[in-house]
Amino acid sequence: MRILKKKIQNDGLFKRLRLKKNYEKPSEYRRRKKREAQRRQRIAEAKKRMRTRRS
Numbered sequence: 019m020r021i022l023k024k025k026i027q028n029d030g031l032f033k034r035l036r037l038k039k040n041y042e043k044p045s046e047y048r049r050r051k052k053r054e055a056q057r058r059q060r061i062a063e064a065k066k067r068m069r070t071r072r073s
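Note that the numbering used here gives residue 73 to position 55 of the sequence shown, counting from 1, and the numbers run on in steps of one.
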């Protein structure tokens, strides 16, 4: 059961279901997508800094 839950969570199914439960205004959708993109970019930059620091 734990393995199944982990796979579903990694797939993003729970997140999609939670988002579809309630209506999301288009402006909120754009803000959320922008925040998610910024978060991904910060994580990528941090990983890049860690790789350059190790070399």
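From the three backbone atoms N, C-alpha and C, an ideal C-beta is built for every residue, glycine too.
If you follow the alpha helix (DSSP H) that residue i is in, where does it begin and where does it stop?
i: K23; result: 20-29
i: K66; result: 44-72
Excluding the five sequence neighbours on either side, which residues of its own chain have a C-beta within less than 8 angstroms of the C-beta of residue i, listed in chain order?
i: I61; result: none
For residue i, which residues from the same chain have a beta carbon less than 6 angstroms from its beta carbon, with the 5 sequence-adjacent residues on both sides left out?
i: R58; result: none
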